[in-house]
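Below: the structure, in C-alpha cells.
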Amino acid sequence: MRRRISTHLIGSLQRSETESIAEGFRRIKEAGFDSIDFNFEMFSEYDSLTSIDGRCFYDKMTFELDDYFAKYKSEAYLQGLTVLQSHAPFLDYLSYIKDEAAYEHFVKVTNKVIESCKVLGCAYIVVHPLCSALRDGKSSEWELNKKYFSALLETARKSGCRICIENIFTRENGAIRPGFSSDVDTCNSFIDEMNAAAGEDIFGLCFDFGHASLLHKDIEEFIVKADKRLKVVHLHDNDGTEDMHGIPYTYLKHWGGSPINDWNGLIKGLKKIQYEGGINFETGPALCSVPDPIADSLRRHVAEVGKYICKELDKE
Numbered sequence: 018m019r020r021r022i023s024t025h026l027i028g029s030l031q032r033s034e035t036e037s038i039a040e041g042f043r044r045i046k047e048a049g050f051d052s053i054d055f056n057f058e059m060f061s062e063y064d065s066l067t068s069i070d071g072r073c074f075y076d077k078m079t080f081e082l083d084d085y086f087a088k089y090k091s092e093a094y095l096q097g098l099t100v101l102q103s104h105a106p107f108l109d110y111l112s113y114i115k116d117e118a119a120y121e122h123f124v125k126v127t128n129k130v131i132e133s134c135k136v137l138g139c140a141y142i143v144v145h146p147l148c149s150a151l152r153d154g155k156s157s158e159w160e161l162n163k164k165y166f167s168a169l170l171e172t173a174r175k176s177g178c179r180i181c182i183e184n185i186f187t188r189e190n191g192a193i194r195p196g197f198s199s200d201v202d203t204c205n206s207f208i209d210e211m212n213a214a215a216g217e218d219i220f221g222l223c224f225d226f227g228h229a230s231l232l233h234k235d236i237e238e239f240i241v242k243a244d245k246r247l248k249v250v251h252l253h254d255n256d257g258t259e260d261m262h263g264i265p266y267t268y269l270k271h272w273g274g275s276p277i278n279d280w281n282g283l284i285k286g287l288k289k290i291q292y293e294g295g296i297n298f299e300t301g302p303a304l305c306s307v308p309d310p311i312a313d314s315l316r317r318h319v320a321e322v323g324k325y326i327c328k329e330l331d332k333e
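Residues in the sequence shown are numbered from 18 upward in steps of one, following the numbering used here.
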C-alpha cells in the first residue's frame, strides 16, 4: 500500500524571513515527503485567539482567508505536495478563556480554519479538546467539549473535512497530567456520542504517539482499542518527561539500549487495525533547533524514518 509521508510546517516552512513559500515547499519535497500537515496555529498569537479587539489573524473576512491560503495550496501543488491533514489553533482553556466572549471568539476562529480546509483540499483537521477537569471536574469537562465540538459540526459537514480529536495532556503547576482525551476509552465514547448526534462519521481520533508515551500508555493497546476511529497520527519522540517533539527513535533507556518509547508497539497496533492513513511527523521543534545548512539533512532523515515505518506496516 502506498502511504503518504508528511511533515508539519513548523520548522520546515519559512524558516527565515527571506525564504519564500515556494522554496520551503521545494525543500520539503526534495527531502522525501509527499504531503504536509498544515499548521493553522502558525498565523496568530495565542492571546489573540480569544481577543475581540480585531487583532487576530482569523478576524479577516472568509474570502480574504481563502485567498491567503490558496497561495499555499498552489505552491504546494506545484511541488507535487498534497495537504494530508491540518491542525487548528489551540490554547490552554483555563489560562486563556476567561469569559463567554473569549470562548465565542475561539469557536469562531476554529470554524474559520475548518472552512479553510476546503480551500486547501484537506480531508482532516486535528482539534484539541478543552481541558477543564482540574478546576471544574470531569462531568463538566465532558459537557464543555460536547458544546465546543457541537459548535464545529455543521462547518465540518459543509466543508467535507473530518474533525480529529487529539489525545492531549494538561498541566498542573507545570507537571504533566492526563487531559480530557488522554484515555482511549474516553476518546472512543466521546467520538461515538458525537458521531451518533451528527448522524454520520464527522469525528475521529488523531493518535499522538508522543503524548501517549508521556502518560505511559500501552501504545499497541491504545491503537487497537481506537480501531477505525483512528484517522491520522502525530509521530514524535521524547525522553519520557517532557513533550519535546523529537525525531523518532532518538531517546534511549540507557547507553546502547532500546528506545524509551514503544515504536514497535506503534507499528504492531497500526498493522492490527489495518491503518490506511498517512505517516505524519510532528517534529518541528527538532527542526527549529538545527542551523539551516543542516536542516535539509535532518528533514531527509525524518522522511527515511517514515519510509521505514511504511515498509514495516506493509510486511506480511
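Just so it is clear, CB atoms sit at the ideal spot from N, CA and C, and this is done for glycine as well. Since this is a predicted model, take the numbers as computed values, not measurements.
| request: Using 7 Å as the cut-off, classify the Cβ of N278 as near or not near the heavy atoms of the ligand PLP, replying yes or no. | output: This structure simply doesn't include the ligand PLP, nor any ligand for that matter.
| query | In terms of DSSP beta bridges, what is Q102 paired with? | reply | Mapped onto the sequence shown, residue 102 falls at position 85. DSSP links Q102 through a beta bridge to D54.
| Helix, strand or coil: which one does DSSP assign to H122? | Along the sequence shown, read from residue 1 onward, the residue named residue 122 stands at position 105. H122 falls in the helix class under three-state DSSP.
| T172 classed as buried or exposed, judged by whether at least 16 other C-beta atoms fall within 10 angstroms | As a first step, residue 172 must be located in the sequence shown, where it is residue number 155. Buried, since its Cβ has 16 or more Cβ neighbours within 10 Å.
| request: Check whether the Cβ of V126 lies closer than 8 Å to any Cβ atom in chain C. | output: Although the question refers to chain C, the structure presented lacks it and comprises just one protein chain.
| task | Give the range of the alpha helix (DSSP H) segment to which R44 is assigned. | result | The sequence position of residue 44 within the sequence shown is 27, counting from 1. Boundaries of the alpha helix (DSSP H) harbouring R44: 38 to 48, taken from the DSSP string.
| task | Can you tell me which of the three DSSP states K248 falls into? | result | One-based indexing of the sequence shown puts residue 248 at position 231. DSSP places K248 in strand when its eight states are reduced to three.
| said: When you compare the region 98 to 114 with the region 47 to 57, are there three or more beta-carbon pairs, one atom per stretch, that lie closer than 8 Å? | reply: Segments in contact, yes.
| message | Just verifying my parser: in three-state terms, what is the DSSP assignment at N297? | response | For the purposes of this step, residue 297 is identified with residue 280 of the sequence shown, where counting begins at 1. Under the three-state reduction of DSSP output, N297 falls in the strand class.
| task | Could you spell out the range, first to last residue, of the beta strand (DSSP E) harbouring F224? | result | Sequence index remark: in the sequence shown, residue 224 carries index 207 (1-based). Start and end: 220 to 225.
| field | Three-way DSSP call (helix, strand, coil) for L232 in this model | value | Taking the sequence shown and counting its residues from 1, the one referred to as residue 232 is at position 215. Under the three-state reduction of DSSP, L232 is assigned to coil, being neither helix nor strand.
| query | Looking at I236 and L283, is the spacing between their C-beta atoms short of 8 Å? | reply | In the sequence shown, counting from the first residue as 1, residue 283 sits at position 266. In the sequence shown, counting from the first residue as 1, residue 236 sits at position 219. Between L283 and I236, the gap from beta carbon to beta carbon is short of 8 Å.
| message | When you compare the CB positions of F4 and V250, do they come within less than 8 Å of one another, or not? | response | No information on residue 4 is available, as it lies outside the stretch 18 to 333 that the chain covers here.
| request: May I have the straight-line CA-CA distance separating I311 from D116, to the nearest angstrom? | output: Position 294 of the sequence shown, counted from the first residue, corresponds to residue 311. Position 99 of the sequence shown, counted from the first residue, corresponds to residue 116. When rounded, the distance between both Cα atoms is 45 Å.
| message | Give me the DSSP bridge partner(s) of A312. | response | Position 295 of the sequence shown, counted from the first residue, corresponds to residue 312. Answer by DSSP bridge pairing: none, since A312 is not bridged.
| So, using beta-carbon positions, are I180 and F197 closer together than 8 Å? | The count along the sequence shown starts at 1 and reaches residue 180 at position 163. The count along the sequence shown starts at 1 and reaches residue 197 at position 180. Not a contact, by the Cβ cut-off of 8 Å.
| message | Please return the same chain residues whose Cβ sits closer than 6 Å to the Cβ of A87, not counting the five positions on each side in sequence. | response | Here the question's residue 87 lines up with position 70 in the sequence shown. Taken in chain order, the residues that qualify are V136.
| request: Sort P302, T300, I131 by Cα distance to F220 and report the nearest one. | output: Taking the first residue of the sequence shown as position 1, residue 220 is located at position 203. Taking only the C-alpha atoms, the option nearest F220 is I131.
| query | At what residues does the beta strand (DSSP E) containing A192 begin and finish? | reply | Here residue 192 refers to the residue found at position 175 when the sequence shown is read from its first residue. Counting along the chain, the beta strand (DSSP E) containing A192 begins and ends at 192 to 195.
| request: Please name the residue or residues paired with D254 in a DSSP beta bridge. | output: Residue mapping note: residue 254 aligns to position 237 of the sequence shown, counting from 1. DSSP links D254 through a beta bridge to G263.
| query | By how many angstroms is the C-alpha of S314 removed from the C-alpha of R40? | reply | Along the sequence shown, read from residue 1 onward, the residue named residue 40 stands at position 23. Along the sequence shown, read from residue 1 onward, the residue named residue 314 stands at position 297. The residue you asked about is not Arg; residue 40 is Glu in the sequence shown. So the alpha carbons of these two residues sit roughly 16 Å apart.
| request: Can you grab the Cα-Cα spacing for the pair F298 / L252, in whole Å? | output: Translated into positions along the sequence shown, residue 298 becomes position 281. Translated into positions along the sequence shown, residue 252 becomes position 235. C-alpha of F298 to C-alpha of L252: approximately 5 Å in a straight line.
| First and last residue of the alpha helix (DSSP H) that includes T79? | Along the sequence shown, read from residue 1 onward, the residue named residue 79 stands at position 62. Note, T79: alpha helix (DSSP H), 79 to 95.
| request: Would you decide whether P308 is buried or exposed? Buried here means 16 or more other CB atoms lie within 10 Å of its CB. | output: What you label residue 308 is simply residue 291 of the sequence shown in a count that begins at 1. By the 16-neighbour rule on beta-carbons within 10 angstroms, P308 is exposed.
| field | Span of the alpha helix (DSSP H) around T67 | value | Residue numbering aside, residue 67 sits at position 50 when the sequence shown is read from its first letter. Where T67 is concerned, there is no enclosing alpha helix (DSSP H), given that its DSSP letter is neither H nor E.
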